[in-house]
Amino acid sequence: MVMFVLYASRDLNPAYEATAMTLAFSTCALMFLYSLIFRYYEQMKFSDKKLFYIFFMLIVFAALALVSARLLSGEDDWICQNGAWVKHGQPSFPAPTVPCE
142 MVMFVLYASR DLNPAYEATA MTLAFSTCAL MFLYSLIFRY YEQMKFSDKK LFYIFFMLIV
202 FAALALVSAR LLSGEDDWIC QNGAWVKHGQ PSFPAPTVPC E
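With the numbering used here, letter number 101 in the sequence shown gets 242, and the count goes up by one each step, no holes.
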């Protein structure tokens, strides 16, 4: 749902479109990864080895989430301050055309 909202709001900020596409492709990649993991999981018997793999996958997903949050954060963006759009960092797109309130 967030992807659709961001994609619909791409006129406000061009970065929303890139974020929406990243969310859409990430969802597809996670569904594919989910199917691979559970296909393997279904064939494995319950053992200490299985618990190790589950723990390892949790660590990998946590690391990926942290890296993604850092890379996709809005460091280079336009911020509304005192009724005007102010540059934050080095945005690669012009200031939004909607009024800043």
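We put the beta carbon where it would ideally sit given N, CA and C, even for glycine.
When the options are compared against residue i, the one with the closest alpha-carbon
i: Leu212; options: Val146, Val143, Thr160, Arg151; result: Thr160
i: Pro240; options: Ser167, Glu158, Ala225; result: Ala225
i: Asn223; options: Ala206, Pro237, Ser150, Glu242; result: Glu242
i: Thr168; options: Tyr194, Met144, Leu177, Tyr181; result: Met144
i: Thr238; options: Met142, Ala149, Met198, Leu153; result: Leu153
i: Leu164; options: Leu177, Phe196, Ala210, Gln184; result: Ala210
Per DSSP, the bridge partner or partners of residue i
i: Ala225; result: Gln222
Rounded distance between the beta-carbons of residue j and residue i, thought under 8 Å
i: Ala170; j: Phe234; result: Not really, about 26 Å apart at Cβ, beyond 8 Å.
Residue i (DSSP reduced to helix, strand or coil)
i: Val239; result: coil
i: Met172; result: helix
i: Ser167; result: helix
i: Ser209; result: helix
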